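In our numbering, the protein residues as written are -18 to 331. From the three backbone atoms N, C-alpha and C, an ideal C-beta is built for every residue, glycine too. Fair warning: this is a prediction, and the values are worked out from it, not measured in the lab. Take a look at the structure below.
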Amino acid sequence: MRLNILCPLSIGLCIALAGGLVQAEGRLIDAASAQVSSAPDADAERLLQRMAAAMQTTNYDGLLLHMRGGEARSMRVFHRYDAEFGEREHLLSLDGKPFEVIQDSKGCICVWPQSRYVVKGQSPAFNGRLSTERFAETRSLSEFYSITQQDYARVGGIACRLVKLDPKDSYRFGYRLCIHESSAMLLNLEVFDGDRRLELNQFTQLRIQEAGEVDTMRIFTNIEGFRVVEDKRPAPVEQPQASFQASWVATQLPPGYLLRSADLRSSPRTQKLLEQQIFSDGLGSVSVFIEQLNETEQSTRVDAAKPRSHGVMQRLVRDAEGYRLTAVGDAPEAAMRMMLDGMQPVTAHP
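Below, the structure written as structure tokens:
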């Protein structure tokens, strides 16, 4: 997942969260009670591929609920796709601190009404951790996840087919999706660490839009008089370029994890430039931020043995060679610790 400092809510996040909201009367059956069907894995893989395409190309709007770490947040999502503009997303918060985000392939606009603040930034080059299109690559995913189709469940009174992705090792989380078979729309998405559910995303309402409906891809907030900040840096690319010389290199990675992106970012805390490297196995993503420390900062070392977690999001820190390396992502501690322990300065790497 690419963490865009100026616009952290990516289109992948919006789509993925839209992967699940449930009405109060609808109840997803418990994982232990879901009986494995006799359908071959090929059926599960085809359903995942159909879902990924449907969630990308269908025009819809819905209310979504995102639950993580004992916290819940509801949002409204408008999603559109057409030949002229491609995929576009409009996200409105419905509780907590208000914000509004619109994003397409050209960039994103983030609005904070209470602060009277607007940020125009880049679209992340790497999709968010819950983006549904990542589930389409079933051939590569099947190397590290057991993909099985299971019984039917109900979400908001609508029947949907359960599909599970169970990790084959301790370096990734498990996923369970409930997909409406005829439309291939994703109604529910959960993330598990073993039997412990870390995150739940469910639709409370979902409506497929008719052709010719009013375009909702516009800011609803009156931003007259708001402070506007623009990120004018060149858009990052998905693969590291020869012109960018990484100062640190990963000498060991969990099986299946690859370097997906690398570039420089400005720290929101210190405004200093820091290096960001993104690793992913196709589902889980980890960003490693590399920041050079001054003498005062070096005297305040962190306890790398104490990871922080909030639902699926994990955070690990390591100080080494006058640098602070911070790993943030939706991967188990074992995967993130292996990455950090294997990071070495380029000069120290043969």
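Practice task
Reducing DSSP to helix, strand and coil, say where Glu194 ends up.
Solution key: coil
Handout entry: Spatial distance of Ala316 from Gly175 (CA atoms)
Key = 15 Å
Problem - Strand pairing of Gln183, partner residues [DSSP] - result: Leu46 and Asn169
Exercise for the section: With a threshold of 16 other CB atoms inside 10 Å of the CB of Gln258, please say whether the residue is buried or exposed. Expected result: buried
Practice task
Locate the alpha helix (DSSP H) running through Gly323, then write down its first and last residues.
Solution key: Glu314 to Gly323
Practice task
Determine the DSSP secondary structure at Phe116, reduced to helix, strand or coil.
Solution key: helix
Practice task
Please report how far the alpha carbon of Gln186 lies from the alpha carbon of Met324, in whole angstroms.
Solution key: 45 Å
Handout entry: Cys159 vs Val195 beta-carbon contact at 8 Å
Key = no
Exercise for the section: Count the other C-beta atoms from every protein chain shown that fall within 10 angstroms of the C-beta of Pro236, then say buried if there are 16 or more, exposed otherwise. Expected result: exposed
Handout entry: Within 8 Å, strictly: CB atoms of His71 and Tyr41
Key = no
Problem - Best match in Leu122, Gly263, Val172 and Arg318 for proximity to Ala361 [C-alpha to C-alpha] - result: An answer regarding residue 361 cannot be provided, because it is not within the stretch -18 to 331 covered by the chain.
Handout entry: Beta-carbon contacts of Arg305 that lie in its chain and below 6 Å, excluding the five residues immediately before and after
Key = Glu272 and Leu274
Exercise for the section: Name the two residues that bound the continuous alpha helix (DSSP H) containing Arg27. Expected result: Asp22 to Thr38
Practice task
Would you kindly work out how many angstroms separate the C-alpha atoms of Ala35 and Ser164, rounded to a whole number?
Solution key: 7 Å
Exercise for the section: Sort Phe260, Asp244 and Gly263 by Cα distance to Leu254 and report the nearest one. Expected result: Asp244
Handout entry: Contact under 8 Å by Cβ, Cys89 with Gly102
Key = yes
Exercise for the section: Report the partner residues of His161 according to the DSSP bridge assignment. Expected result: Answer is none; His161 lacks a bridge partner.
Practice task
Determine the direct distance from the alpha carbon of Met320 to that of Gly303, and round the result to whole angstroms.
Solution key: 18 Å
Handout entry: C-beta contact flag for Leu167 and Met32 at 8 Å
Key = yes
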